[in-house]
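Just below is one structure, and these are the notes that go with it.
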Amino acid sequence: MTYESVIGLEVHTELATASKVFCGCPTTFGVPPNTQVCPICIGMPGVLPVLNKKALEYSIRTALTLNCDINEVTLFDRKNYYYPDLPKNYQISQNYRYLGVNGLLEIVVDGRSKRVGINNVHLEEDAGKLLHPSTASADYSLVDLNRTGLPLLEIVTEPDMRGIKEAQIFMMTLKNLLQYIEVSDCKMEEGSLRFEVNVSLRPQGQQAYGTKVEIKNLNSIKTALKAIEYEMRRQSRVLDEGNQVIQETRLWDDVEMVTRAMRSKERAHDYRYFPEPDLVEVRISKEWQEEIRRHLPELQDAKKRRFIEQYDLPEYDAQVLTSSKALANYYEECLRVYNVPKAISNWIMTEVLRELNERELEPDEFSVTPVHLASMVKMIDSGTISGKIGKTVFAEMVETGKMPDLIVQEKGLVQISDEKELAGIVAKVVAENPGPVSEFKKGRQKAIGFLVGQVMKLTKGKANPQLVNSLLREQLK
Amino acid sequence: MELHSTTAHELAPLLQKRKISSTELTKAVLERIEKVEPRVNAYVTLTPELAMRMAQDADQRLQQGNTVTPLTGIPLAIKDNMCTRGILTSCASRILHNFVPPYDATVVTKLRNAGAVFVGKTNLDEFAMGSSTENSAMKLTLNPWDFERIPGGSSGGSAAAVAAGETILALGSDTGGSIRQPAALCGVVGLKPTYGRVSRYGLVAFASSLDQIGTLVKDVEDTALLMNCIAAHDPMDSTSGNIPVPDYTTFLNHSINGIKVGVPKEYFVEGMDPVVEQAVRKAIDTLAELGAEIIEISLPHTEYAIATYYLCATAEASSNLARYDGAHYGYRSPGTDNIVDMFSKTRAEGFGKEVKRRIMLGTYALSAGYYDAYYLKALKVRTLIKQDFEQAFQQCDVIVTPTTPTPAFRVGEKTEDPLQMYLSDIFTISVNLAGIPAVSLPCGFAGSLPVGIQIMAGSFEEGKILRVAHCYEQAAGFCRSRPTL
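Top to bottom, those sequences are chains A and B.
So the numbering used here is basically just the index in the first sequence, starting at one, shifted up by 9.
So the numbering used here is basically just the index in the second sequence, starting at one, shifted up by 1.
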């Protein structure tokens, strides 16, 4: 039978605040275990949480961008469960009055716009990490509490996505948006964007939802998609065999690439939520909301329009360059070094994006920084190197991260613009290629291209192409 | 009079005029401890060396004279559920038997800064859950007025230490009566301030929405002095009130002429010890003689207070005490080989009976399917109780009641019957549910045992309480009585 998949998401994003959500500890990623902790975030007896205003502001900013209604009074609640990475054995979260509700995010699927409902947006604290020794004989696990208390924003969608493509586009659109509004760096390899997925199947055309399964432990968009794909296959097999899907929570196994049953509905946790008595209710006035709205960072559409106007770019260029905030920043940083909007755009849309995609890098991780790229384009424009040599230099920059002038110097790639030197080479090419020369003289303009190519070949591409062209035309008069 | 039986307001001028030194005073208190502590057992931890060092520092300050406060050089005892950097903070529980905090509670910082001298950490019912201090896993504290009786609880150690002259001042905490009830049973003055008046940062939580740190001292004036030091807004405690703190001593030595004293009819109940009732009635007569206008009032939801309290408090406790699992600090059950066993055995072995009982009750009250019927209902009743007081305080300035239905009971008398034990807080619990301040001070004796009267006021109206209490105390004179040890 053909089934339609119904997908809902819970997205956890770590907010990019300088300090943790309920204490003053810094939030730097990758520092040695348990060095970014204090009595508060490790839940020692007697300590109390104090809400980080920036985390609240980022949450409001996100909720507003996702078109949510903001609750003017929001509350924190305790979610009680025992786990050694959760030092208080409860998580401060929100359950009874979320920060934002009834939102939506518009995505574009196959050129058509689709609205995905946002059930709620709420703020909570992250848990720590367990480190399991790799040796099988080890009889212990270690706890790293650096991550404990990082501000975590949870975005819960309605089950509005149909099929894997919509889920993918939703996740990418949301990630892009979160980066645009500067609330999270969304670095999936650092765990700052994580997913839980609800998947159910129903026969094509059926109204009622099928039984849903929740999948946890999805640390990237790619993994989430694999898990959805696997789960759709598994559920359709179950249904095809005439069996019923069991409502349960499953865990994604990234090694075996399968989902595994974790706990059934009957064994679901009773989190015993109740209002957090150590925090007071949070008032979010209409005025504050408006202020946050007024100071929203430039979103993609606005940026695109600005690029078209300010840099005189074609719409296509502007679209590509603003496809992520990081890329748009990369572009504008290039322009700050060398302001030739279209030439830089051309390089980014071809060479830069190709390399980034092949290497799966973010622009800010790329060995060719805006300074590299802009300096190189400047060298081309000033005639120091040819455009063709530029590609060689670019490839070298990608590999070594060296500055373009250094590469040109080391490899002797400076363009030959010496008229005398080139005139000799041109004369030689004319003498050795009587066929094309006579064709040109008969009026076949195209034949000159071959002759230019020959000069380039002899100069290993270093000849100034405009100069070669004019010398040839002179000699062939 | 011996130094150990004096008060801070008597000692401060002597210290400041260099008539005595803090070192002398501290020595006198330590000697007193040496003499009576084996019988009283008020302290979980004594810190005589620290005390002598702090006394020397205080003497230096007193000599220089520029950063002196009324508490500089005065010995102080701290209930063992307030975190003290570098000093064991056990909560009288096996599960924290080795817990030495790396930080001070905000009140402790304030007292350090004021130059108080830390004598030790006092005994309590485990995690402040109890009314007799018999639930301590550490030791059995006895009432200095009668060694066959309990001192009350949960701040029984602090109350007994003050009564026995084993400290000049003490801090307690009060979640349902834990300062006022032992104050009454030990014949001292105990103030539970308004919820949010004193920072809870560093107070090991029992029930976060009810817990409040307060004072256990010998008289009302010392109450004002200690409050002047510890009452403040604290950015580290989101629930602390950002309201200016008055100088509490300015409320002393005023007449109470024309003050309206409400007496709630629901607080004079069947089963109350007639001698206690008599002492309280007599105190009310004294207030009238001093010019107060006595009016009968009603707090109609009083009968639901205990049930409400034991749902709210235990629900919060079940979550607050979840962190004690052996994973990060404190007791860990030895020899377990998986995390579930480690958690459950640690907690099974680390907590005492009453703590477990309350964790079970609270867990139940918050469970899916019961939450609305128990916890949510309790919150609603709590609001009604709060409204009772708001309405009452439109008719009167303060409310006067007995602090406890009986004087100190015998050791072991109620340990097998938790409900009977819970009833000893019947007059103190509503105050915590409403978040208002209340004091207990001596108002006479039932035989050889002290009896306490409770004075309540509206939120952040500690000043009114102190005014009435001081006036009464000066007239009645019971605060001068000390047990003979």
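Where a beta carbon is used, it is the ideal one built from N, C-alpha and C, also for glycine.
Bear in mind that the values here come from a model prediction, so they are computed numbers and not experimental data.
- Residue pairing by DSSP places W146 (chain B) in no beta bridge whatsoever.
- In chain order, A323 and R324 make up the part of chain B whose C-beta sits under 7 Å from the C-beta of K97 (chain A).
- In the pairwise beta carbon analysis, the segment 95-109 of chain B is classified as touching the segment 46-57 of chain A: at least three pairs are separated by under 8 Å.
- Boundaries of the alpha helix (DSSP H) harbouring T364 (chain B): K354 to L367, taken from the DSSP string.
- DSSP places H21 (chain A) in the strand class (E or B) of the three-state scheme.
- The Cβ of A409 (chain B) sits no closer than 7 Å to any Cβ of chain A.
- Using a Cβ-Cβ cut-off of 7 Å, F375 (chain A) is close to nothing in chain B; its nearest Cβ partner there is about 41 Å away.
- The segment 395-411 of chain A makes contact with the segment 470-479 of chain A; the number of CB pairs closer than 8 Å reaches 3 or more.
- The Cβ neighbour count for S146 (chain A), taken over all protein chains shown within 10 Å, is under 16; the residue is labelled exposed.
- Annotation: M10 (chain A) is outside any beta strand (DSSP E) and is labelled neither H nor E by DSSP.
- Assigned with DSSP and collapsed to three states, S102 (chain A) falls in strand.
- Interface criterion met: the Cβ of G52 (chain A) is under 7 Å from a Cβ in chain B.
- When the Cα atoms are used, W146 (chain B) and K266 (chain B) turn out to be separated by approximately 30 Å.
- When C-beta distances to chain B are compared with 9 Å, the residues of the segment 120-152 of chain A below that value are D148, S150 and V152, in chain order.
- Along the segment 78-108 of chain A, the positions whose C-beta sits under 8 Å from a C-beta of chain B are R87, N89, Y91, P93, P96, K97, N98 and Y99, read in chain order.
- A direct Cα-Cα distance of roughly 59 Å separates P14 (chain B) from S193 (chain A).
- Within the segment 89-174 of chain B, the runs of beta strand (DSSP E) at least 3 residues long that lie entirely inside it are, in chain order, 118-123.
- The distance from the Cβ of I295 (chain B) to that of V264 (chain B) is about 6 Å, consistent with a contact at the 8 Å cut-off.
- Within the segment 33-48 of chain B, no residue places its CB atom closer than 8 Å to a CB of chain A.
- The beta-carbon separation of A138 (chain B) and S94 (chain B), rounded to 5 Å, stays under the 8 Å limit for a contact.
- The beta-carbon distance between A456 (chain A) and E448 (chain A), rounded to whole angstroms, is 4 Å. This is short enough to meet the 8 Å contact definition.
- Close to chain B, meaning a Cβ-Cβ distance shorter than 8 Å, are the following residues of the segment 286-312 of chain A: P286, D287, L288 and V289.
- Q256 (chain A) is a Cβ neighbour of T220 (chain A), given a cutoff of 7 Å.
- One thing to note: R383 (chain B) has its Cβ within 7 Å of the Cβ of T309 (chain B).
- Residue state for G172 (chain A) is assigned as helix, using DSSP reduced to three classes.
- The continuous stretches of beta strand (DSSP E) do not include I317 (chain A), which lies in the alpha helix (DSSP H) extending over residues Q309 to Y320.
- The beta-carbon separation of I257 (chain B) and A225 (chain B), rounded to 16 Å, does not stay under the 8 Å limit for a contact.
- Close partners of E50 (chain B) in chain A (Cβ separation under 8 Å) are lacking, with about 24 Å as the shortest Cβ gap.
- Under the three-state reduction of DSSP output, D86 (chain A) falls in the strand class.
- Here DSSP, grouped into helix, strand and coil, assigns D249 (chain A) to helix.
- Taken in chain order, the members of the segment 236-249 of chain B whose beta-carbon sits within less than 8 Å of a beta-carbon on chain A are P236, M237, D238, S239 and T240.
- In the same chain as E290 (chain A), and ignoring 5 residues on each side of it, the C-beta atoms closer than 6 Å to its own belong to V82 and L84, in chain order.
- The beta carbon of A162 (chain B) does not come within 7 Å of any beta carbon belonging to chain A, so the residue lies off that interface.
- Residue nearest to A440 (chain A) within the set A:Q484, A:A335, A:F375 and A:G458 is A:Q484 (criterion: CA-CA distance).
- The count of Cβ pairs closer than 8 Å, one atom from the segment 471-486 of chain B and one from the segment 199-216 of chain B, stays below three, leaving the stretches out of contact.
- Between the C-alpha atoms of N155 (chain A) and N124 (chain B) there is a straight-line separation of about 35 Å.
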